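Add 2 to the 1-based position in the sequence shown for this note's numbering, that's all there is to it.
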Amino acid sequence: MLAKGFRVLGHAVRDEPHMFAWSVVGSVLFALLTIGTAFVSGRVVGDIVVPAFDRGSVATGTILLGGCAILAISLGKIVGIFGRRLGAGAMQFNLQAKYRRAVTRRYLRLPLAWHQRHATGTLLSNANADVESAWYPIAPFPFAVGTVVMLVAAVVSLFVTDWAMALVGVAVFPALLLVNVAYSRRMSPRVARAQQLRAEVSAVAHESFDGALVVKTMGREASETERFAAKAFELRDATIRVGRVRAMFDPVLDALPSVGTLAVLVVGAYRYRSGAVGVQEVVSVTFLFTVLAFPVRAIGWVLAELPRSVVGWERIRRVLDAEGDTVYGTTELPGAGPAALRFDGVGFAYANEDGDGPTVLTDVTFDVPAGRTVALVGPTGSGKSTIAALAARLVDPAAGTVTLDGVDVRELSQDALTGSTSLVAQIPFVFDDTIRGNITLDRAGVDDEEAWRALRLAQADGFVGHLADGLDTTVGERGTSLSGGQRQRLTIARALAGSPRLLVLDDATSAVDPRVEAAILAALRRGGGHTAASILVVAYRRATIALADEVVYLERGRVVARGTHSELLETAPGYADLVTAYEKAEEEREREHEFDGDRLDDGREGHRDEEALSA
């Protein structure tokens with residue numbers, strides 16, 4: 003544990019050499035002046051105080067001289083303390099900020115499959131609690147390094163002053179080392195368990211808050227509270243176990259220097275009576291050993307925090323060292339206008355922790371011709387969302403190829419891929435930002451005019467135009483101030499604002515009225531004044547499917563049939579049954595008023611819907 007801990011501290015020094023040097027200089031200055039205080043105090047007692055008692059009078063000039071010496075040393079110590087604390091604080095907070103950014107940056111680069119294998123609460127804990135724990139010893143560390151100088155200087159001074167008292171004093175150090183070794187061994191597993199439980203508590207809390215709608219509508223507040231309380235109590239008990247170990251060892255660590263000081267006083271009194279040393283030497287040695295207790299405690303503070311630091315660092319490294327980055331190529335996508343998408347013999351399986359997982363797609367082959375609309379239809383679990391993720395290269399196929407305009411998407415540069423393809427997922431995600439911020443995402447060339455164009459295509463300009471602040475309206479966390487249909491339209495507008503050449507809609511209009519959905523698809527096919535994009539849409543509504551140029555019907559991860567909607571109704575019984583079932587469910591939803599119907603309350607928008615349908 004000590005070896006691992008010092009390696010972590012070595013990383014800290016290499017990452018922040020200037021702040022470390024600054025704080026160590028301040029600490030060394032403080033250490034040397036503290037040692038100087040011992041000798042000044044000895045001189046004051048031996049040359050001023052004792053003679054004053056003997057004479058029965060005090061020389062004013064001598065007192066002033068002694069007072070000025072003590073004052074000058076004190077001012078120097080103040081400067082040292084200021085530099086030490088400022089440098090150590092800046093070093094610690096710089097490291098925390100650096101590694102929070104590093105962990106978050108790593109999260110964004112790791113593939114979607116990696117995130118699916120790790121709980122959100124654990125990821126939050128890695129970026130927060132684990133980073134803090136890793137660099138917790140940094141606050142006392144530069145001080146401890148500086149006090150090593152104090153320790154060496156004090157020990158040398160002890161032996162120069164009187165070897166007998168020095169031997170008694172330094173005998174305490176082996177005992178301190180043994181106590182710290184025992185402490186580290188007992189503390190390490192307890193700290194590791196506490197850190198793990200912090201991540202689990204965060205995971206339960208995040209899940210409960212994120213699923214607040216389900217919790218409240220299902221009346222599960224009490225059970226969720228109990229579930230969280232159980233983990234919180236586990237964390238409490240683990241933290242108490244950590245505290246018990248500290249409570250047992252800290253008094254011992256504090257007491258040993260005091261015992262050493264007492265032993266030095268006893269030996270010093272004996273040596274004074276025998277005439278081996280004078281009052282000045284006894285006072286200096288006693289003060290020196292009192293001073294020694296301080297660096298010993300400072301080093302103990304660092305050693306005491308090393309187990310927690312090592313655990314936090316190892317949890318951070320598991321993120322930073324995680325493999326599976328999405329590697330982009332260097333090929334730029336040739337041409338302009340709608341892009342042609344092709345799946346050729348694609349197979350895919352989601353990997354679990356062991357690297358194996360269920361097969362989702364097998365030998366999937368179909369294409370989306372440039373400027374055309376293809377609908378993916380299939381029962382739940384047939385692989386539709388996986389195909390959408392493959393088209394946007396959120397994941398890579400295990401077999402076969404996915405090409406865009408004849409280029410394997412794995413060979414495309416990141417800019418070429420993200421600039422040509424947009425995916426709108428099943429669950430719309432909206433940032434806690436303004437509508438403008440959610441649409442533009444600070445992308446170059448996406449101004450207000452482009453934002454309004456995208457909103458018109460997504461049939462969202464009506465409700466945005468009626469908002470008091472328009473594009474400047476803040477939508478709240480996850481778009482809580484918007485309805486489900488409004489959030490879906492906003493995410494569609496965000497995808498369209500970059501004028502993609504391929505648009506992938508993964509059941510992205512399920513919360514909007516069927517008429518509005520049809521209007522959106524019709525507007526997308528026209529392109530709204532721009533060249534229309536190719537569209538791959540996961541669909542289940544008959545009206546939406548009928549707008550597609552071709553339908554690809556999936557069952558159990560395989561393409562069972564392809565053709566127009568009317569052709570598949572006649573030739574694919576499974577398709578006909580599924581679409582009929584969807585239609586009945588849709589009618590039931592309409593009767594229950596589950597759709598985002600208030601989006602049609604604007605007369606101008608409703609008129610535009612009719613025009614789009616007619617077109």
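Yeah, the Cβ is synthetic: ideal placement off N, Cα and C, and Gly gets one too. Being a predicted model, the structure only gives us computed values, none of them experimental.
(Q) By the DSSP assignment, the alpha helix (DSSP H) with D252 in it spans what residues? (A) E223 to R275
Q: State the Cα-Cα distance for the pair Y101 and L363, rounded to the nearest angstrom.
A: 38 angstroms
Q.
By the three-class DSSP mapping on this structure, what secondary structure does Y542 have?
A. Of the three classes helix, strand and coil, the one that applies to Y542 here is coil, per DSSP.
Q: Using only alpha-carbon positions, find the residue among A372, L11 and I80 that is nearest to A338.
A: A372
Q.
Buried or exposed, going by whether 16 or more other CB atoms sit within 10 Å of the CB of R16?
A. exposed
**Q.** Simplified DSSP assignment, three categories, for L110
**A.** helix
Q) Terminal residues of the continuous alpha helix (DSSP H) containing R491? A) G486 to L498
Q.
Given this structure, state the Cα-to-Cα distance separating A194 from S29, to the nearest angstrom.
A. 31 angstroms
(Q) Tell me the rounded alpha-carbon separation between V540 and V379. (A) 6 angstroms
Q: Could you give the DSSP three-state label for D407: helix, strand or coil?
A: Three-state result, D407: coil.
Q. To the nearest angstrom, how far is it from the Cα of E226 to the Cα of K233?
A. 11 angstroms
Q. Any idea what DSSP makes of V397, helix, strand or coil?
A. DSSP, read as helix, strand or coil, puts V397 in coil.
Q) Just checking my contact of I547 with A427 at CB under 8 angstroms: how many whole Å lie between their CB atoms? A) Taking C-beta atoms under 8 angstroms as the contact rule, I547 and A427 fail to qualify, at a distance of about 20 angstroms.
Q.
Would A300 and T149 qualify as a contact pair, given that the criterion is a beta-carbon distance under 9 angstroms?
A. yes
Q. Given a threshold of 16 other Cβ atoms within 10 Å of its Cβ, counted over all protein chains shown, does G626 qualify as buried or as exposed?
A. Beyond the ends of the chain as shown, which are 3 and 617, falls residue 626; an answer cannot be given.
**Q.** Candidates V477, V147 and R229: closest to F32 by CA position
**A.** If we check each option's Cα against that of F32, V147 comes out closest.
**Q.** Opposing strand residues paired with G349 [DSSP bridges]
**A.** A401
Q) What residues in its chain sit with their C-beta under 7 angstroms from that of A129, if we drop five residues either side in the sequence? A) R102, V105 and T106
**Q.** Identity of the residues DSSP links to V426 by a beta bridge
**A.** L507
Q. Roughly how many whole angstroms lie between the Cα atoms of F433 and E334?
A. The straight-line gap separating the alpha-carbon atoms of F433 and E334 is approximately 30 angstroms.
(Q) Let me make sure I understand the geometry here. Which of S483, T436, V27 and L178 has the alpha-carbon closest to that of G628? (A) Within the shown structure, residues of the chain are numbered from 3 to 617, placing residue 628 beyond reach of any answer.
Q. How about the stretch 556-570 and the stretch 379-391: do they share at least three Cβ pairs that are nearer than 8 angstroms?
A. yes
Q | Inter-residue spacing [alpha-carbon to alpha-carbon] between A623 and A249 | A | There is no way to answer for residue 623, as the model of the chain reaches only from 3 to 617.
Q) Using the C-alpha atoms, what's the distance from K586 back to I494? A) 26 angstroms
Q) Run through DSSP, which three-state label would E552 get? A) strand
Q. With 16 as the cutoff for other CB atoms within 10 Å, does Q197 come out buried or exposed?
A. buried
Q. Is there contact here, the stretch 459-467 with the stretch 510-529, by at least three beta-carbon pairs under 8 angstroms?
A. Contact holds: three or more Cβ-Cβ distances are below 8 angstroms.
Q) Mind checking whether G402 and T367 have CB atoms under 9 angstroms apart? A) yes
Q. Are three or more beta carbon pairs between the stretch 311-319 and the stretch 131-143 nearer than 8 angstroms?
A. yes
Q. Grouping DSSP H, G and I as helix and E and B as strand, with all else coil, what is G531?
A. Interpretation of G531 is limited by its pLDDT of 45, a score under 50 that renders its predicted location unreliable; no figure is taken from the coordinates.
Q: For R543, count neighbouring Cβ atoms within 10 angstroms of its own Cβ and tell me buried if that reaches 16, exposed if not.
A: buried
Q) Would you call the CB atoms of P309 and G7 closer than 9 angstroms? A) yes
Q. Does the stretch 442-460 touch the stretch 400-419, meaning 3 or more C-beta pairs lie closer than 8 angstroms?
A. no
Q.
Tell me which residues share the same chain as D206 and place their Cβ nearer than 7 angstroms to its Cβ, disregarding the 5 neighbours each side in the sequence.
A. Looking at the sequence provided, one finds Val at residue 206 rather than Asp. The residues are G123, R229, F230 and K233.
Q) When DSSP labels each residue in this structure, what does G649 get in the three-state scheme? A) The first residue shown for the chain is 3 and the last is 617, placing residue 649 beyond what the model contains.
Q | Burial state of E307, where buried means 16 or more other Cβ atoms lie within 10 Å | A | Under this definition E307 is a buried residue.
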